[in-house]
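The block underneath contains the structure these notes are about, expressed in structure tokens.
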Amino acid sequence: MAIRPTLWRTALRQLARTSRPGWWRRPPFIPRPDPAYLHFRLETQYGSDSAPAPGDLVTYLEWCRDEHRRQLATNA
Numbered sequence: 013m014a015i016r017p018t019l020w021r022t023a024l025r026q027l028a029r030t031s032r033p034g035w036w037r038r039p040p041f042i043p044r045p046d047p048a049y050l051h052f053r054l055e056t057q058y059g060s061d062s063a064p065a066p067g068d069l070v071t072y073l074e075w076c077r078d079e080h081r082r083q084l085a086t087n088a
């Protein structure tokens, strides 16, 4: 992820979209997805509690970026 600065904006956008509402009011004061949501998404993707492959995050962010661009083009 660090070697792909073209995905940093997409990563921040996804972080904002998936962070728990009011994350700044509860410790730890870090924007992150709700643990139940994250568990559900990982189990849906991998079928178990196994750790995701490192390249999967890059693939996911590329997909998010492409979908965002597609939506912008559709609404233009």
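With the sequence shown counted from 1, adding 12 to any position gets you the working numbering. We treat Cβ as the ideally placed atom computed from N, Cα and C, and that holds for glycine. Computed from a predicted model, the values in this text were never measured in an experiment.
C-alpha distance - residue i paired with residue j, whole-angstrom precision
i   : j   : result
R29 : S62 : 24 Å
E74 : R38 : 31 Å
L70 : L19 : The question names Leu, but residue 70 in the sequence shown is Val. Those two C-alpha atoms are separated by around 8 Å.
T86 : Y58 : 31 Å
Residue i, DSSP secondary structure in three states
i   : result
P39 : coil
P64 : coil
R16 : coil
A88 : coil
8 Å Cβ cutoff met for residue i and residue j
i   : j   : result
W35 : P47 : no
R32 : P17 : no
Identified DSSP bridge partners for residue i
i   : result
P92 : Not covered by the structure: residue 92. The range shown for the chain is 13 to 88.
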